[in-house]
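Written below as structure tokens is the structure these notes are about.
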Ligand SMILES: C[S@@+](CC[C@H](N)C(=O)[O-])C[C@H]1O[C@@H](n2cnc3c(N)ncnc32)[C@H](O)[C@@H]1O
């Protein structure tokens, strides 16, 4: 699959246009940096079972998608999910041959079932959880955890100082949290968190 090496000017323009329309749904005015994409990919691939598939929530203009592919994830093992129709169409043009799903991350189990997507090894999320109301965060995180195997990881970045998943929800969903370093070169600076579903 021919890939542009980095986020393009066109990507930035499309992203900004969608932010002007849906600031809360986008959460940021600009796509994630290459450094943040690399950190997300590293965290997701670390615990991925052999042959495992990664589902990417909120793919946007594809900065994390691109990082996952550049880190060696085969395209047939990556399923980006995007809610916004314009961004979904933009992704389809940027990543021909990739299996892209359009839908709501909060309905992930049904969305994967409808499209016949088999077992998932890890979920990577670029969703702006910090900007979302608590019930929406709970619905999305619960849906993501529902498709993970025991020991599987949900990787999420945040601009905030604390875990993007509240402690009470972590307890209820039996998730162990590991905080990565802050990526200062991203605007705004971001922290990558890995949440692992307890095996027992
Ligand atoms: C902060 S942007 C991140 C884009 C890209 N992953 C990046 O890091 O540059 C958040 C993306 O999540 C998408 N999104 C928001 N709510 C969603 C939902 N419920 N289901 C799927 N995608 C959603 C937005 O349309 C947007 O593309």
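Residue numbers (my numbering): 108 to 307.
All C-beta atoms, glycine included, are put in the ideal place defined by N, C-alpha and C.
No experiment lies behind these values; they were computed from the predicted model shown.
Pairing residue 166 with residue 189 gives a Cβ-Cβ distance under 8 angstroms. Residue 293 and residue 142 have their alpha carbons spaced roughly 7 angstroms apart. In this structure, residue 175 keeps its C-beta atom at 8 angstroms or more from the C-beta atom of residue 164. Taking C-alpha positions only, residue 159 is separated from residue 169 by approximately 20 angstroms. Counting other Cβ atoms within 10 Å of its Cβ, residue 291 stays below 16 and is therefore classed as exposed.
DSSP links residue 229 through a beta bridge to 161 and 260. With a beta-carbon spacing of about 18 angstroms, residue 228 and residue 280 fall beyond the 8 angstroms limit used to define contacts. In the DSSP assignment, residue 305 falls outside any beta strand (DSSP E), carrying neither H nor E. Straight-line measurement puts the Cα of residue 285 at about 30 angstroms from the Cα of residue 129.
Our two residues, residue 121 and residue 241, have alpha carbons roughly 28 angstroms apart in a direct line. Per DSSP, residue 121 is one residue of the alpha helix (DSSP H) stretching across 116-128. Rounded to the nearest whole angstrom, the CA to CA distance from residue 208 to residue 187 is 6 angstroms. Distance from the Cα of residue 157 is smallest, within the candidate group 180, 147 and 238, for 180. Residue 147 and residue 277 have their C-alpha atoms spaced approximately 20 angstroms apart. Comparing alpha-carbon positions, the option among 283, 287 and 225 lying closest to residue 307 turns out to be 283.
Burial check for residue 197: the Cβ neighbour count within 10 Å reaches 16 or more, so the residue is buried. The three-state secondary structure of residue 191, taken from DSSP, is coil. The criterion of a C-beta distance shorter than 8 angstroms is satisfied by residue 231 and residue 171. Within the model, the alpha-carbon separation for residue 162 versus residue 117 is close to 25 angstroms. Assignment of residue 224 by DSSP, reduced to helix, strand and coil, places it in the coil class. Taking the CA atoms as reference points, residue 183 sits about 12 angstroms from residue 203.
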